[in-house]
Amino acid sequence: MGNTHLIEGSAETLPRLEAFLKRKGIEMSGNADAYVRVYRSFGIDEARELRERASSRALGSRRVFVVATPSMTHEAQNALLKTLEEPARDALFFFILSSPQTLLPTLRSRFQTLSLDSDKKDSGALDARAFLSAPSSKRLDLLKPFLEKGDDDKRDMSAILSLLSSLEKEMANAKQFDTIGLHAIYRARKYIADKGALVKPLLEQVALLVPKV
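In terms of the numbering used here, the sequence shown is residues 44 to 256.
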């Protein structure tokens with residue numbers, strides 16, 4: 044097992060990761076060297092905190108850092124480059140992201156992809172199939188739950204990014220390589236988590252430009 048790992052998933056993936064680590068002889072429960080954080084978004088302040096934590100010494104033989112977040116800003120990714128390029132030997136990093144494809148290539152190249160076995164069905168894929176088979180007017184209705192804001196006045200970016208990734212996968216499975224539609228998905232996935240991003244227009248473009256499958 045290497046030092047730096049990338050997992051596609053959400054905060055719900057944490058129990059499976061902890062079970063995986065336990066099988067590898069790493070107990071997370073009650074471990075003073077375990078740093079586990081779940082974020083709605085991961086920005087420069089969160090990156091600096093992680094970088095500072097990573098520079099500290101382990102109390103035992105090994106430190107484990109686990110971060111679950113729907114997205115990471117470009118600024119945060121750049122701030123982590125040095126830390127993840129030359130990680131300390133006693134440090135393991137696990138990043139759980141809804142859409143790993145949104146990472147900058149320079150950062151993603153530093154990760155090993157880790158797949159965790161699961162019996163759960165991909166609910167995002169089910170939504171994607173319904174979305175792709177629907178006409179444009181129906182697609183706009185299907186998007187409404189993703190555009191609603193929670194009590195904290197924020198949208199569930201994890202669900203949105205999962206949907207976009209699932210749409211791309213379903214198009215690939217259907218061998219539907221429509222350039223305009225794929226570009227709309229890529230553009231939405233790239234910019235939708237940025238501060239001040241116009242989420243509604245980006246998703247509406249996907250609804251209108253992706254071909255019916």
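Virtual Cβ for every residue (Gly too), placed ideally from N, Cα, C.
Is valine 249 closer than 8 Å to isoleucine 223 when the C-beta atoms are compared?
-> For the purposes of this step, residue 223 is taken as the residue at position 180 of the sequence shown. For the purposes of this step, residue 249 is taken as the residue at position 206 of the sequence shown. Contact flag unset, no.
Buried or exposed: where does leucine 241 fall if 16 or more other Cβ atoms within 10 Å of its Cβ makes it buried?
-> Along the sequence shown, one-based indexing puts residue 241 at 198. By the neighbour-count rule (16 or more Cβ atoms within 10 Å), leucine 241 is not buried but exposed.
Taking only runs that begin and end inside the stretch 51 to 138, name each unbroken beta strand (DSSP E) of 3 or more residues, in chain order.
-> 77 to 81, 106 to 112
Beta-carbon gap between arginine 232 and leucine 252 smaller than 8 Å = Within the sequence shown, numbered from 1, the residue matching residue 232 stands at position 189. Within the sequence shown, numbered from 1, the residue matching residue 252 stands at position 209. In this structure, leucine 252 does not lie closer than 8 Å to arginine 232 by Cβ.
Run the CB neighbour count on serine 205, radius 10 Å, all protein chains shown included, and call it buried at 16 or more, exposed below.
-> In the sequence shown, residue 205 corresponds to position 162, counting from 1. By the Cβ-count criterion, serine 205 is buried, with 16 or more other Cβ atoms from all chains shown falling within 10 Å of its own Cβ.
So threonine 56 packs on isoleucine 139, CB below 8 Å; how close in whole Å?
-> For the purposes of this step, residue 56 is taken as residue 13 along the sequence shown, with counting starting at 1. For the purposes of this step, residue 139 is taken as residue 96 along the sequence shown, with counting starting at 1. Right, the Cβ-Cβ distance comes to about 5 Å (below 8 Å), so this counts as a contact.
Which word fits proline 244, buried or exposed, when buried means at least 16 other C-beta atoms lie within 10 angstroms of its C-beta?
-> Along the sequence shown, read from residue 1 onward, the residue named residue 244 stands at position 201. Proline 244 is exposed by the Cβ-count criterion.
Are the CB atoms of arginine 94 and aspartate 76 nearer to each other than 8 Å?
-> As a working mapping, residue 94 is identified with position 51 in the sequence shown. As a working mapping, residue 76 is identified with position 33 in the sequence shown. No. Outside cutoff.
Look up leucine 241 in the DSSP assignment and say whether it is helix, strand or coil.
-> For the purposes of this step, residue 241 is taken as the residue at position 198 of the sequence shown. In this structure, leucine 241 counts as coil in the three-state DSSP scheme.
On the three-pair Cβ rule with 8 Å, is the stretch 105 to 114 touching the stretch 128 to 137?
-> yes
Locate the alpha helix (DSSP H) running through glycine 193, then write down its first and last residues.
-> As a working mapping, residue 193 is identified with position 150 in the sequence shown. No alpha helix (DSSP H) contains glycine 193, which DSSP labels as neither H nor E.
Does the beta-carbon distance from glutamate 51 to proline 143 come in below 8 Å?
-> The count along the sequence shown starts at 1 and reaches residue 51 at position 8. The count along the sequence shown starts at 1 and reaches residue 143 at position 100. Yes; because the gap between Cβ atoms is below 8 Å, this pair is in contact.
Which residues bound the alpha helix (DSSP H) around lysine 233?
-> Residue 233 sits at position 190 when you count from the first residue of the sequence shown. 222 to 234 is the extent of the alpha helix (DSSP H) around lysine 233.
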